[in-house]
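Here's the structure, in structure tokens; my notes come after.
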Amino acid sequence: MKHPLRWVALAVGAVVAIFAVILAVNVGTDPRADLNTSRLLGKSAPDFSLARFDGTKVRLADLAGKTVIVNFWNSWCRPCREELPVLQQWYREHRTDDSVVMLGIPRDDSSRAIRDAARADQMEWAVANDQGAKSATLAYATRGQPESFVISPRGRIVGSVLGPLTPGTMDQMVQAGQQNA
Amino acid sequence: MTTSARRLAWLGLGIIVIGIVVGIAWPSAAESRSEHVRRLALEFRCVDCEGLSVAESATASAAEQRRDIGIRLDRGESDEQIRAAYVESFGENVLLRPASNGIGLLVWALPIAVVLLGGVGVFVALRRWSRQPRLVATDADDALVAELRTPVDDD
Chain A
812 MKHPLRWVAL AVGAVVAIFA VILAVNVGTD PRADLNTSRL LGKSAPDFSL
862 ARFDGTKVRL ADLAGKTVIV NFWNSWCRPC REELPVLQQW YREHRTDDSV
912 VMLGIPRDDS SRAIRDAARA DQMEWAVAND QGAKSATLAY ATRGQPESFV
962 ISPRGRIVGS VLGPLTPGTM DQMVQAGQQN A
Chain B
596 MTTSARRLAW LGLGIIVIGI VVGIAWPSAA ESRSEHVRRL ALEFRCVDCE
646 GLSVAESATA SAAEQRRDIG IRLDRGESDE QIRAAYVESF GENVLLRPAS
696 NGIGLLVWAL PIAVVLLGGV GVFVALRRWS RQPRLVATDA DDALVAELRT
746 PVDDD
């Protein structure tokens with residue numbers, strides 16, 4: 812070998828170039844892209860059993876055959892307050908529809924703050940707050956609040972939105988749930 | 596230093612380095628359950644925080660995750676199974692340290708490969724320089740130096 816140093820430099824350059832190409836191809840354009848999409852989409856919805864403030868229990872398995880909207884929220888969360896009118900409007904329009912159920916699950920809040928907020932903001936849908944709620948936030952791999960999931964009547968997660976819901980996304984998610992009935 | 600003394604010194608240094616590496620890499624056999632939970636929790640990113648691990652975060656979701664890790668350990672799940680379950684739910688991003696397989700392997704392998712190849716380069720360069728013959732002044736060089744040192748006569 813006439814110029815060993817040149818060969819070593821070439822080898823280092825080649826290794827760096829190959830790794831750079833592989834990394835660029837695999838990582839894609841947004842390394843945090845998988846933060847914005849739930850990995851549970853299309854999978855069976857984890858079961859949960861939650862206590863409502865009136866003492867009654869809500870169990871997901873008991874809601875089989877219905878489209879279930881699960882909204883993870885906190886009373887102190889500003890984006891949750893922003894989406895509240897959308898949830899209230901949607902609930903008013905569908906409160907008599909037996910095929911759809913809406914559940915509010917707090918992620919990180921005190922029982923008292925949740926109860927006060929639910930009362931003050933006239934959240935008439937089922938709002939739960941107990942140890943089961945904490946388990947559900949992990950079981951649904953929630954990444955923040957608000958985060959909403961739609962569960963089809965067959966018990967599959969067919970939609971998820973991280974961030975405030977809009978009337979459009981709300982309808983789209985519920986339609987996706989009903990199409991998977 | 597004699598050759599045998601030098602060899603002994605190198606052997607001693609090797610034993611010390613191996614001891615340090617094994618001490619760092621080998622988990623303590625007497626690890627308690629809470630230490631085990633904390634060790635695993637240190638590997639996971641707190642989803643509600645910026646750059647904090649589940650072990651360090653005070654959020655409710657991190658507390659729930661620590662509790663869940665404990666439950667999984669009690670069920671007999673291995674560290675690898677717990678890691679896989681969290682990656683399955685949250686994605687690779689939940690790991691604070693890149694995985695040591697697939698694409699994550701590149702993150703570990705690239706610096707090592709570059710350092711190894713760089714080391715080979717330095718070794719080859721040093722060997723080449725040490726083999727180059729030292730320059731020795733010839734009679735002609737001495738004569739030239741003597742000539743230059745001769746005072747110049749201004750007249």
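As they're listed, the protein sequences go chains A and B.
Going by my numbering, the first residue of the first sequence is number 812, and it counts up by one from there.
Going by my numbering, the first residue of the second sequence is number 596, and it counts up by one from there.
Virtual Cβ for every residue (Gly too), placed ideally from N, Cα, C.
C-alpha gap between L861 (chain A) and Y951 (chain A), whole angstroms: 14 angstroms
Cβ shell of R870 (chain A) (< 6 angstroms), same chain only, five flanking positions each side left out: S860
With H, G and I counted as helix, E and B as strand and the rest as coil, what does DSSP make of V911 (chain A)? strand
What does the alpha-carbon distance come out to for the pair V702 (chain B) and A600 (chain B)? 40 angstroms
For the region 892-970 of chain A, which segments carrying the beta strand (DSSP E) assignment without a break, of at least 3 residues, lie completely within its bounds, in sequence order? 911-917 and 958-962
Does any C-beta atom of chain B lie closer than 8 angstroms to the C-beta of V969 (chain A)? no
Consider the Cβ of P995 (chain A): report whether some Cβ of chain B lies at a distance smaller than 8 angstroms. Examination of residue 995 (chain A) is not possible in this model, given that chain A is present from 812 through 992 alone.
Residues bridged to L973 (chain A) [DSSP beta-bridge criterion]: A:E958
Beta strand (DSSP E) segment containing S860 (chain A), residue limits: S860 to A862
Considering only their Cβ atoms, is the gap separating G853 (chain A) from I968 (chain A) smaller than 8 angstroms? yes
Would you mind reading off the limits of the beta strand (DSSP E) that contains T878 (chain A)? T878 to W884
Listed from N- to C-terminal order along the chain, which residues in the region 955-968 of chain A have their beta-carbon within a distance smaller than 8 angstroms of any beta-carbon of chain B? G955
Anything in the region 704-727 of chain B with a Cβ closer than 8 angstroms to a Cβ of chain A? List those residues in chain order, please. A704, L705, A708, V709, L712, G713, V715, G716, V719, A720 and R723
Whose CA, out of A:W884, A:P896, A:G824 and A:P815, lies closest to the CA of F960 (chain A)? A:W884
State the DSSP-derived secondary structure class of S725 (chain B), mapped to helix, strand or coil. helix
Chain A contacts from the region 670-693 of chain B (Cβ-Cβ distance under 9 angstroms): Y681, V682, E683, S684, F685, G686, E687, N688 and V689
Going by C-alpha distance, which of A:W818, A:D920, A:N940 and A:R903 is nearest C888 (chain A)? A:D920
Any chain A beta carbon closer than 8 angstroms to L701 (chain B): yes
At a CB-CB cut-off below 8 angstroms, which residues of chain A make contact with E760 (chain B)? Any question about residue 760 (chain B) goes unanswered here, given that chain B covers just 596 to 750.
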